[in-house]
Amino acid sequence: MSSEQTDARQRLFFALWPDDEVRTALSRSAMGLLGKQAPRVADANLHLTLAFAGAVTAAVRQCLQAAAADIRCPAF
2 MSSEQTDARQ RLFFALWPDD EVRTALSRSA MGLLGKQAPR VADANLHLTL
52 AFAGAVTAAV RQCLQAAAAD IRCPAF
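Numbering-wise (the working numbering), the sequence shown opens with residue 2 and increments by one.
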């Protein structure tokens, strides 16, 4: 066993999280399209992934968070 400590990694992504009203509407649409038999994501977990960073170290996470903190755009 190596004496080097392995950095813990965390899978991260950037996403848009719709409000409750939009999540409910999406869930109803999915139910209408897929029915009750198809597995679906829980309403609370519905989101739109914009970019997947993958498995990153704590240092990379801090860099990503710092960069994301300055992102501003109008609501849509």
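The beta-carbon is built from N, C-alpha and C at its ideal position, and this holds for glycine as well. Note that the structure is a prediction, hence the values are computed from the model and not measured.
Under three-state DSSP, which class holds residue i?
i	result
L47	coil
R12	strand
V42	coil
A69	helix
G36	coil
V57	strand
Measure the alpha-carbon distance for residue i versus residue j and round it to whole angstroms.
i	j	result
L17	Q66	15 Å
F53	R73	19 Å
D71	Q63	13 Å
G36	L49	21 Å
Between the options, which has its C-alpha nearest residue i's C-alpha?
i	options	result
A76	P19, A31, G55	P19
Next on the checklist: Below 8 Å, how does it come out for the region 39–57 and the region 18–28: are there three or more Cβ pairs, yes or no?
Outcome noted: yes
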